[in-house]
Amino acid sequence: FKLYQSNGTLKGQHDVGVIAQDVQKVLPEAVQERRNGKEDGALAVDYKKLIPLLVEGIKEQQKEIDMLKEKINKLEKE
């Protein structure tokens with residue numbers, strides 16, 4: 022996902038997030054459409070729904086890192 026940074030309405034306030042349209046392509050249930058006077062139809066990401074997937078992704082990456090470290094160690098011993 023692409024990250025974005027925006028300046029909030031309060032002076033000195035900054036937000037960081039992901040682009041809702043990018044998330045919607047792979048995890049539509051984590052994106053909601055806002056309906057209010059100012060931002061009719063604006064998309065918003067429900068970050069609570071992303072967290073479990075991110076944690077599992079990190080676990081998978083760590084397994085791969087550990088496996089690659091093992092392979093490197095074996096190759097260095099040869």
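Position one of the sequence shown corresponds to residue 22 (the working numbering), numbered consecutively onward. From the three backbone atoms N, C-alpha and C, an ideal C-beta is built for every residue, glycine too.
{"query": "Exposed unless 16 or more other CB atoms sit within 10 angstroms - verdict on valine 66", "result": "buried"}
{"query": "Proximity of alanine 104 and leucine 71 at Cβ, strictly below 8 Å", "result": "One cannot answer for residue 104 here, as it falls past the ends of the chain, which runs 22 to 99."}
{"query": "Nearest neighbour of leucine 48, chosen from Leu75, Asp36, Arg55 [CA to CA]", "result": "Leu75"}
{"query": "Counted within 10 angstroms of its Cβ, other Cβ atoms place valine 44 as buried (16 or more) or exposed", "result": "buried"}
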